[in-house]
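Notes follow once the structure below has been shown.
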């Protein structure tokens, strides 16, 4: 049964990816070809960042009231047209209820509030830079938020040895495109601040290519048959941090959440 | 990451015996002799290639132990020392005692006798001064130590999360550095390079050191970080990394936030990097001092160390401490009533 679901999702995924090809092709239609590394692979090295509202909500949304009264306008959610192909995430009905409960209770439930490793692809479009360091056997994707690290194995592909927060990433070059397949998630991360979620059966396929010297195309397909009726895709550009002194800073956020997480266990004065 | 082998003490001793016997015939200083002839491999960009998985695990202490005069042990002394330490690590705690409330290092392959570790015959990591000991802490350093102690006075380790030790809080390992001191276990690193950066991933708390090689300056003094801000360059075959801008909240051996650490990484064999570091901190020591460690290749890959995410220990110990206080208060109240 599970296999049937899985294979039908596969078919849907393949079909939907097929239909996406024209729009992706449009994005690349200027025929930009990335410079090459010394080894001859497309050079995607750099410090990159998303500029959109996907970290608030990956689906289209209007501006709305924030969760923290004291922060007023600074914590209110800005509107955005979303990054999901077809606008709507194809949740199964129970999963949609779960998403809505997550949204209502997001201050308590959003794992990123606790400085937990944010998972994939959420880490990519959080409002923090990340750096790609490209080598032969390994491509490192290093995130400022929580110091999250992904090692993309370009050689020695093995299945995920155990579940983890950032998953296990195997990569390959498909012409101009770096294709990363990530599995082995622990099911405890979200897609955004609006309660969009997945299970530990998540499989993420990212396609990253250069669209100009200072921008990347980022396309990511999500498969999780327990939660979604079919595979679905998000796209967005990523922008190079072009400042001469651009540098990932430490954002060791554990320090900033200890009072939130453990403050109730503080020793009370006698 | 660690090489997990069977955890029965008997098997451990067997392993150690095999290890010691098989190794007794080889010269520990062999690695040093290799340096002269070794041709450092190059990356596609033409730089010395430091990439791979490495461990700086060792039994050698930072400072030469009391009573040891020589800078080097004999092969026999090293073997005996390592065997003794390995036996100590493999010793089992008594069920039902406080020390037993911890995972079993041996069972999870975390003790040093089961991991790859770098060997040489040095009696201390410190090579300069020649005493193998830290220079005396100067007056400013002593005052800082007193101030730090005073700030902690009356605060119990379990009073709050913030009162606990940094590594128990999964904030940063005390030896995360730089300099990169080995930890009790998982002293593993992955080095990945491109033309413009060297990245050193520290397994513990997935700390990635991203070292730019483009000659940029250190940032303004107001931009301070736990692990400082590193700047790297190639000096012939050697990667030189200078780190400043520490925030002083994880002080290395009582150092100040003015500390400057100069690290040098030189590949000396397919399986070896010689790692030296010099610490300059005139607010703590009147003279710089230098230590040398070996890094030995180890089997990858590194696995995600989601320390904070799984930090049940911190939560549970705080819950336990509050429970003990409540029980003590209740007992005191009962005693009061009985009087």
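Residue numbers (this note's numbering), protein chains in the order written: chain A, 1 to 270; chain B, 1001 to 1339.
The C-beta atom is built at its ideal place from N, Cα and C for all residues, glycine as well.
The structure displayed is predicted, hence computed values, not measured ones.
Which residue marks the beginning of the alpha helix (DSSP H) containing residue i, and which one marks its end?
i, result
"residue 224 (chain A)", "Neither: residue 224 (chain A) is in no alpha helix (DSSP H) and is coded neither H nor E."
"residue 120 (chain A)", "Neither: residue 120 (chain A) is in no alpha helix (DSSP H) and is coded neither H nor E."
"residue 140 (chain A)", "Per DSSP, residue 140 (chain A) belongs to no alpha helix (DSSP H); it is in the beta strand (DSSP E), 138-143."
"residue 259 (chain A)", "254-262"
Would you mind telling me which residues of chain B sit closer than 9 Å to residue i, beta carbon to beta carbon, in chain order?
i, result
"residue 240 (chain A)", "Here the premise fails: no neighbours, minimum Cβ distance about 13 Å."
"residue 37 (chain A)", "1044, 1045, 1194 and 1195"
"residue 48 (chain A)", "The contacting residues do not exist; residue 48 (chain A) stays about 14 Å from chain B at best."
"residue 142 (chain A)", "1199, 1201, 1208 and 1210"
"residue 161 (chain A)", "1301 and 1303"
"residue 45 (chain A)", "1194, 1195, 1196 and 1197"
"residue 116 (chain A)", "1306, 1308 and 1309"
Among all the DSSP beta bridges, which residues are the ones paired with residue i?
i, result
"residue 1225 (chain B)", "B:1246"
"residue 131 (chain A)", "A:47 and A:142"
"residue 1201 (chain B)", "B:1190 and B:1208"
"residue 236 (chain A)", "A:218"
"residue 1232 (chain B)", "B:1241"
"residue 1048 (chain B)", "B:1042"
"residue 251 (chain A)", "A:145"
"residue 42 (chain A)", "A:36"
"residue 1261 (chain B)", "B:1243 and B:1279"
"residue 150 (chain A)", "A:141"
Within 10 Å of its beta-carbon, does residue i have 16 or more other beta-carbons around it, so buried, or fewer, so exposed?
i, result
"residue 68 (chain A)", "exposed"
"residue 40 (chain A)", "exposed"
"residue 1172 (chain B)", "buried"
"residue 192 (chain A)", "buried"
"residue 166 (chain A)", "buried"
"residue 1314 (chain B)", "buried"
"residue 1211 (chain B)", "buried"
"residue 1305 (chain B)", "buried"
"residue 1102 (chain B)", "exposed"
"residue 1050 (chain B)", "buried"
"residue 256 (chain A)", "exposed"
"residue 51 (chain A)", "exposed"
"residue 161 (chain A)", "exposed"
"residue 216 (chain A)", "buried"
"residue 1245 (chain B)", "buried"
"residue 1208 (chain B)", "buried"
"residue 1274 (chain B)", "buried"
"residue 1070 (chain B)", "exposed"
"residue 219 (chain A)", "buried"
Along chain B, in chain order, which residues have C-beta atoms closer than 8 Å to that of residue i?
i, result
"residue 149 (chain A)", "1201, 1206, 1208 and 1304"
"residue 128 (chain A)", "Near residue 128 (chain A) there are no residues of chain B at all, since even the closest Cβ is about 14 Å away, more than 8 Å."
"residue 42 (chain A)", "Neighbours of residue 42 (chain A) on chain B: none; closest Cβ ~13 Å, over 8 Å."
"residue 65 (chain A)", "The contacting residues do not exist; residue 65 (chain A) stays about 30 Å from chain B at best."
"residue 165 (chain A)", "1304, 1306 and 1309"
Return the first residue and the last residue of the beta strand (DSSP E) that residue i is part of.
i, result
"residue 1040 (chain B)", "No beta strand (DSSP E) holds residue 1040 (chain B); DSSP gives it neither H nor E."
"residue 1322 (chain B)", "First-last for residue 1322 (chain B): 1312-1338, but that is the alpha helix (DSSP H), not the beta strand (DSSP E)."
"residue 244 (chain A)", "Note, residue 244 (chain A): premise wrong, no beta strand (DSSP E); not H, not E."
"residue 971 (chain B)", "Nothing in the structure corresponds to residue 971 (chain B), since chain B is present only between 1001 and 1339."
"residue 1208 (chain B)", "1207-1212"
Taking residue i as the query, report the chain A residues whose CB atoms sit under 7 Å from its CB, ordered along the chain.
i, result
"residue 1286 (chain B)", "Simply none; closest approach about 30 Å."
"residue 1161 (chain B)", "258 and 262"
In chain A, which residues lie less than 9 Å from residue i when you measure between Cβ atoms?
i, result
"residue 1319 (chain B)", "265"
"residue 1315 (chain B)", "261, 262 and 265"
Could you tell me which chain A residues have their CB closer than 8 Å to the CB of residue i, listed as they occur along the chain?
i, result
"residue 1172 (chain B)", "252"
"residue 1189 (chain B)", "Those within 8 Å of residue 1189 (chain B) in chain A number zero; the least Cβ separation is about 13 Å."
"residue 1325 (chain B)", "267"
"residue 1322 (chain B)", "265 and 267"
Residues of chain B with a CB under 7 Å from the CB of residue i: which are they?
i, result
"residue 245 (chain A)", "1216"
"residue 135 (chain A)", "1051, 1192, 1193 and 1194"
Please list the segments of the beta strand (DSSP E) lying wholly inside the stretch 47-108 of chain A, counting only runs of 3 or more residues, in order along the chain. none
Can you list, in chain order, the stretches of the beta strand (DSSP E) that have 3 or more residues and sit fully within the stretch 152-232 of chain A? 168-174, 177-183, 203-212 and 215-223
List in chain order: all unbroken alpha helix (DSSP H) runs of 4+ residues lying wholly within the stretch 1073-1161 of chain B. 1075-1090 and 1139-1152
Which runs of the beta strand (DSSP E) fall wholly inside the stretch 1263-1303 of chain B and span at least 3 residues, in chain order? 1272-1280 and 1289-1297
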